[in-house]
Amino acid sequence: MSVSLNSRLAAIGGAHTGIAGVNLFDVLDVNGNLYYWSDRKITALNVITEAPPTSATGSGARIWVPDAAATVRINWEDQYGGGDQHFGNGSVSVIFDGDGNATITYLGISSGTLYTNDFGVNGVALVGAGLNVTGPVDIPNLPDAGKELVVELFCRTTGNIYKTGPASVNVDNFKHAQLTWLDGRSGIEHWTQSDPVTTEYTPWLLTVPEFTFHRAAVTDIGSFVIQNLSGDTLARDMERKLRSSAFEGAQFAFRHYDPAAEAPWLEVHGKLTVDDTGPDTITLKGAAGINSADTDGLDKTFSESCQWDWGSPQCGSSESTECDYSYSNCQNIVRFSGCLNNYEKNFGESSANTATKQINRARRI
51 MSVSLNSRLA
61 AIGGAHTGIA
71 GVNLFDVLDV
81 NGNLYYWSDR
91 KITALNVITE
101 APPTSATGSG
111 ARIWVPDAAA
121 TVRINWEDQY
131 GGGDQHFGNG
141 SVSVIFDGDG
151 NATITYLGIS
161 SGTLYTNDFG
171 VNGVALVGAG
181 LNVTGPVDIP
191 NLPDAGKELV
201 VELFCRTTGN
211 IYKTGPASVN
221 VDNFKHAQLT
231 WLDGRSGIEH
241 WTQSDPVTTE
251 YTPWLLTVPE
261 FTFHRAAVTD
271 IGSFVIQNLS
281 GDTLARDMER
291 KLRSSAFEGA
301 QFAFRHYDPA
311 AEAPWLEVHG
321 KLTVDDTGPD
331 TITLKGAAGI
341 NSADTDGLDK
351 TFSESCQWDW
361 GSPQCGSSES
371 TECDYSYSNC
381 QNIVRFSGCL
391 NNYEKNFGES
401 SANTATKQIN
411 RARRI
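Per our numbering, the very first residue in the sequence shown carries number 51; after that it's consecutive.
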């Protein structure tokens with residue numbers, strides 16, 4: 051079997067000189083957060099460019115501009131310093147008309163807080179208690195349908211700006227906006243992964259596995275070790291990511307990358323699970339996207355006995371006496387669910403015609 055390499059790799063691969071290869075590790079967690087790690091500091095093209103859009107209701111969801119009329123309500127939660135999300139910082143609603151325009155309206159604050167925050171987009175406050183503007187106010191430069199609209203909270207207490215979306219978009223690494231789609235379409239139908247972009251990889255990757263590929267259903271499993279040292283006196287950076295993210299089932303793309311050729315010698319995609327969290331390192335176990343060890347089999351037994359419960363809707367029998375779950379006594383033969391593994395041989399027997407005389411097949415030429 052021949053393996054075709056990138057032409058740039060084929061041109062420089064035999065020289066065994068130049069820049070040493072680097073291991074790149076792209077991770078997309080189930081909350082839509084993206085992480086780019088490597089075993090040394092480097093800037094390279096990424097593989098996972100962005101998270102697929104989601105129109106889900108809940109904390110940390112993103113606002114994707116719909117292609118039809120829709121309304122989304124944004125409840126801003128108080129998580130400053132790691133709060134418990136039950137103090138309201140105010141609410142706004144965004145109404146999309148489906149023709150490329152939208153308005154934002156300030157709905158007020160709960161009785162449990164005295165914060166006077168403002169809300170807007172692109173660093174500009176449009177409505178809020180501080181501005182004394184309720185709205186509705188037109189949102190300038192609304193992104194096209196399918197693109198993300200980021201609504202911001204301008205906190206007058208801290209001076210920080212908090213945004214809609216996952217925890218990673220905020221300065222304190224917490225989710226601050228809870229979305230509720232009230233009516234209409236709440237997102238886009240089709241989405242295509244955008245082209246790779248130049249990305250600065252963080253040198254936190256300490257150890258990568260040695261993958262062995264099998265031509266069978268054997269699943270290749272390997273562990274990636276990430277450093278857990280950087281941070282402050284309160285928490286380490288990787289611990290924060292574990293708390294705010296979900297690495298169970300996260301997608302990853304691993305590459306052994308040649309910087310000179312700008313192409314990978316090896317590329318592996320799969321899913322992650324948290325294997326171990328130590329004081330200095332965190333181990334993430336990677337496996338193929340389809341893991342035969344974790345795949346559930348059929349919920350029925352492969353047998354000559356019928357798998358349906360007698361008299362059930364699947365069985366369809368209306369008789370008064372229960373069957374013995376065999377094909378010969380089935381009361382609704384068209385719905386029999388079993389494997390017929392008894393065969394009858396009616397071919398008879400005959401003796402083989404075997405030559406009993408010695409024959410010398412030598413020939414003289």
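Glycine included, C-beta positions come from ideal geometry on N, C-alpha and C. Just so you know, these numbers come straight off a predicted model, no measurement behind them.
When the Cα atoms are used, what is the spatial distance from residue 323 to residue 222? Straight-line Cα distance between these residues: approximately 25 Å.
First and last residue of the alpha helix (DSSP H) that includes residue 59? Here the alpha helix (DSSP H) through residue 59 covers 57-62.
Just checking my contact of residue 166 with residue 206 at CB under 8 Å: how many whole Å lie between their CB atoms? 6 Å
Cβ of residue 379 within 7 Å of Cβ of residue 366? no
In terms of residue numbering, what span does the beta strand (DSSP E) encompassing residue 260 cover? According to the DSSP assignment, residue 260 belongs to no beta strand (DSSP E), since it is labelled neither H nor E.
Out of 147, 177, 146, which has the shortest C-alpha to C-alpha gap to residue 158? 177
Can you give me the start and stop residues for the beta strand (DSSP E) that residue 390 sits inside? No beta strand (DSSP E) contains residue 390, which DSSP labels as neither H nor E.
Which of the three DSSP states is assigned to residue 290 in this structure? helix
Among 189, 85, 170, which has the Cα closest to the Cα of residue 180? By alpha-carbon distance to residue 180, the top candidate from 189, 85, 170 is 170.
Would you call the segment 222-233 and the segment 241-261 touching, i.e. three or more CB-CB distances under 8 Å? In short, these stretches do not touch, since the Cβ pair count stays below three.
What did DSSP end up calling residue 384 once you bin it into helix, strand or coil? Three-state DSSP puts residue 384 in a helix.
Quick check: the Cα distance between residue 300 and residue 150, rounded to an integer number of angstroms? 34 Å
Are residue 107 and residue 231 closer than 7 Å when you measure CB to CB? yes
Mind checking which residues open and close the beta strand (DSSP E) that includes residue 319? 313-327
How far does the beta strand (DSSP E) with residue 273 in it extend, from its first residue to its last? 271-277
Sufficient close CB pairs (3 or more, under 8 Å) joining the segment 107-120 to the segment 323-339: no
Per DSSP, the bridge partner or partners of residue 123: 143, 230
Answer with buried or exposed for residue 116, where buried requires no fewer than 16 other C-beta atoms within 10 angstroms of its C-beta. Its Cβ being crowded by 16 or more others within 10 Å, residue 116 is buried.
Thinking just about the alpha-carbon of each residue, which of 386, 369, 340, 290 is nearest to the one in residue 355? 386
Under 8 Å by Cβ, that's how I've got residue 309 and residue 72 pegged, so tell me the actual separation to the nearest angstrom. 6 Å
Beta bridge counterpart(s) of residue 114 as assigned by DSSP: Partner(s): 198.
The beta strand (DSSP E) that contains residue 302, what's its start and end? 301-308
Using 10 angstroms around the beta-carbon of residue 321, count the other beta-carbons present and answer buried if the total reaches 16, otherwise exposed. buried
Classify residue 384: buried if its beta carbon has 16 or more other beta carbons within 10 angstroms, exposed otherwise. exposed
In whole angstroms, what is the alpha-carbon distance linking residue 260 and residue 90? 18 Å
Tell me the rounded alpha-carbon separation between residue 58 and residue 312. 8 Å
Simplified DSSP state of residue 367, which is helix, strand or coil: coil
Leaving out five residues on either side along the sequence, give the residues of the same chain with a beta carbon under 8 Å from the beta carbon of residue 61. 311
Compare the beta carbon distance of residue 216 and residue 96 with 7 Å and say whether it is the shorter of the two. no
Going by the CB atoms, is the gap between residue 203 and residue 126 shorter than 7 Å? In this structure, residue 203 lies closer than 7 Å to residue 126 by Cβ.
Going by DSSP in three states, residue 101 sits in which element: helix, strand or coil? coil
Tell me where the beta strand (DSSP E) around residue 250 begins and ends. 248-251 is the extent of the beta strand (DSSP E) around residue 250.
Roughly how many angstroms separate the alpha carbons of residue 370 and residue 360, rounded to a whole number? In this structure, the alpha-carbon of residue 370 lies about 10 Å from that of residue 360.
What are the boundary residues of the beta strand (DSSP E) that includes residue 174? 174-178
Can you name, in chain order, every residue of its own chain whose Cβ lies under 8 Å from the Cβ of residue 121, other than the five neighbours on each side? 143, 144, 145, 146, 231, 232, 233, 234
Note down the Cα distance separating residue 200 from residue 194, rounded to an integer number of angstroms. 13 Å
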